[in-house]
């Protein structure tokens, strides 16, 4: 095969499809030999040649596949804070593999308020899976600043409570580090804009860790909605995230009760309900019409325990009816997307969906079930996205660009303005 033809196949089909292309080509040629050449003529040399080409292409395919696996980008992570969310993130990155893996990850350092806390985190969540950490034993620091200043750290993961995100991000960015910061990104839109402006100024990568957006399930659901238009014109979405705990019984220092730390359901879990509304109602997330907001909230001792809001899009008439609460727990089906031809229901935790069902109005039965493999919790997909972006020199991610993070924080601000929930640092 001519060099130009081979290059074209590489570019257009990719390594695996190239092999399938060659395989089919060789099989077609052998079939043609047998059908056109008289039986009296020995065609075995030609067949042997084609089988040799096929064997070579197969070997080349496996060789290139191995090389591709070896050349996945690798990110060395500095972990800031050792709470539950950092546990989940690190545990996922230390799994041996996952579907659609696009990067390798190393836990390079762990920052906590004390060496003892950092060591406990290492013993429980890193050491049992150290064999999956490329032979690296993470350094343990008694401060976050040491993580920011560690020359072996590529990206800082910030897993502190909401109210600390702004300063943590600023400190990491000023140290020249790329940053993945947990949601909610900050307490307010103004804080978010301050952080994103600094990242742009310093030329570092920054992304909000809204992990749900990176699930293959979410990407497939959006493809069905807006490429295949499987349920026709999308008109409305219902989404809820509810957890059940007694806020009044919590200590005043709890992040779930302390208003200075962003207490309430909205920033903690309501942001997921909002995300489902935006993902299902907008074909090009963040690039179209910004929705109007109508909101109400219930407060207990100043802490918001129930939020309900409607997103409305005047130009299309679409609505999102979205809720969050700490008073009652959401059932397995947490979202419903309705269109002119049918509807889609989504199952699992609102933050980490497990399946969805497409049901058309004119078909019998319970609809088509879509399920997705998910070892662990699913944090690795957002981590892979960070690794690929950093390896390619990008400063933000197209799935959740910085402008989208700013917009989400603005909507959360508006819900609180209308509903009455306030934080001590608010300026509105």
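Numbering (my numbering), first residue to last: 162 to 589. Note that the Cβ used here is the ideal one computed from N, Cα and C, for glycine as well.
Start and end of the beta strand (DSSP E) containing residue i?
i           : result
residue 265 : 265-272
residue 140 : What the structure shows of the chain is the stretch from 162 to 589, and residue 140 is not part of that stretch, so it cannot be assessed.
residue 458 : 453-461
residue 486 : 479-486
residue 396 : 395-403
residue 259 : Neither: residue 259 is in no beta strand (DSSP E) and is coded neither H nor E.
residue 240 : 235-241
residue 529 : 529-532
residue 316 : 316-319
residue 467 : 464-474
Below 7 Å between beta carbons: does that hold for residue i and residue j?
i           : j           : result
residue 353 : residue 566 : yes
residue 574 : residue 350 : yes
residue 521 : residue 539 : no
residue 239 : residue 340 : no
residue 279 : residue 273 : yes
residue 489 : residue 403 : yes
residue 356 : residue 333 : no
residue 385 : residue 391 : yes
residue 415 : residue 485 : no
residue 367 : residue 360 : yes
residue 494 : residue 511 : no
residue 348 : residue 589 : no
residue 254 : residue 544 : yes
residue 148 : residue 548 : No answer is possible for residue 148: the residues shown for the chain start at 162 and end at 589.
Compute the Euclidean distance between the alpha carbons of residue i and residue j, then round it to the nearest angstrom.
i           : j           : result
residue 423 : residue 500 : 35 Å
residue 399 : residue 469 : 11 Å
residue 276 : residue 444 : 47 Å
residue 421 : residue 428 : 13 Å
residue 476 : residue 442 : 12 Å
residue 458 : residue 509 : 25 Å
residue 578 : residue 526 : 44 Å
residue 224 : residue 552 : For residue 224, the predicted structure reports a pLDDT of 38, less than 50, and the residue's modelled location is therefore unreliable. The matter cannot be settled from this model.
residue 581 : residue 326 : 23 Å
residue 376 : residue 455 : 29 Å
residue 446 : residue 387 : 11 Å
residue 288 : residue 303 : 18 Å
residue 335 : residue 519 : 47 Å
residue 344 : residue 300 : 26 Å
residue 337 : residue 555 : 15 Å
residue 162 : residue 364 : A caution first: residue 162 carries a pLDDT of 26, below 50, which makes its placement in the model unreliable, though a value can still be read off. Looking at the two C-alpha atoms, the distance is approximately 45 Å.
residue 378 : residue 516 : 7 Å
residue 474 : residue 480 : 7 Å
residue 284 : residue 243 : 12 Å
residue 260 : residue 462 : 45 Å
residue 576 : residue 370 : 21 Å
residue 226 : residue 320 : Residue confidence for residue 226 is low, a pLDDT of 37 falling below 50, so the modelled location carries little weight; the figure read from the coordinates is stated next. If I take the Cα positions, the gap works out to 35 Å.
residue 324 : residue 246 : 15 Å
residue 412 : residue 298 : 36 Å
residue 472 : residue 464 : 23 Å
residue 492 : residue 232 : 42 Å
Grab the span of the alpha helix (DSSP H) containing residue i for me, first residue to last.
i           : result
residue 521 : No alpha helix (DSSP H) contains residue 521, which is instead part of the beta strand (DSSP E) from 516-521.
residue 542 : 541-552
residue 496 : It is not in any alpha helix (DSSP H) - residue 496 instead sits in the beta strand (DSSP E) that spans 494-500.
residue 326 : 323-335
residue 343 : Here residue 343 belongs to no alpha helix (DSSP H); instead the beta strand (DSSP E) covers 339-343.
residue 564 : 563-580
residue 302 : No alpha helix (DSSP H) contains residue 302, which is instead part of the beta strand (DSSP E) from 300-302.
residue 437 : 432-442
residue 370 : No alpha helix (DSSP H) contains residue 370, which is instead part of the beta strand (DSSP E) from 367-370.
residue 387 : 377-387
Thinking just about the alpha-carbon of each residue, which of the options is nearest to the one in residue i?
i           : options            : result
residue 306 : 433, 389, 328      : 328
residue 523 : 535, 321, 554, 393 : 393
residue 449 : 564, 332, 282      : 564
residue 264 : 322, 293, 534      : 293
residue 452 : 300, 440, 463      : 440
residue 487 : 396, 407, 534      : 407
residue 478 : 395, 466, 413      : 395
residue 262 : 535, 471, 303, 554 : 535
residue 346 : 322, 244, 247, 531 : 322
residue 296 : 312, 324, 389, 266 : 266
residue 537 : 258, 467, 237      : 258
residue 372 : 498, 550, 248, 513 : 513
residue 532 : 483, 380, 248      : 380
residue 460 : 471, 530, 417      : 417
residue 248 : 310, 569, 541, 464 : 541
residue 401 : 430, 419, 389      : 430
residue 251 : 286, 236, 497, 483 : 286
Please check if any C-beta of chain C sits within less than 7 Å of the C-beta of residue i.
i           : result
residue 400 : In summary, chain C is missing from the structure at hand, where a single protein chain is found.
message: Would you call the segment 430-444 in contact with the segment 545-559, where contact means no fewer than 3 C-beta pairs closer than 8 Å?
response: no
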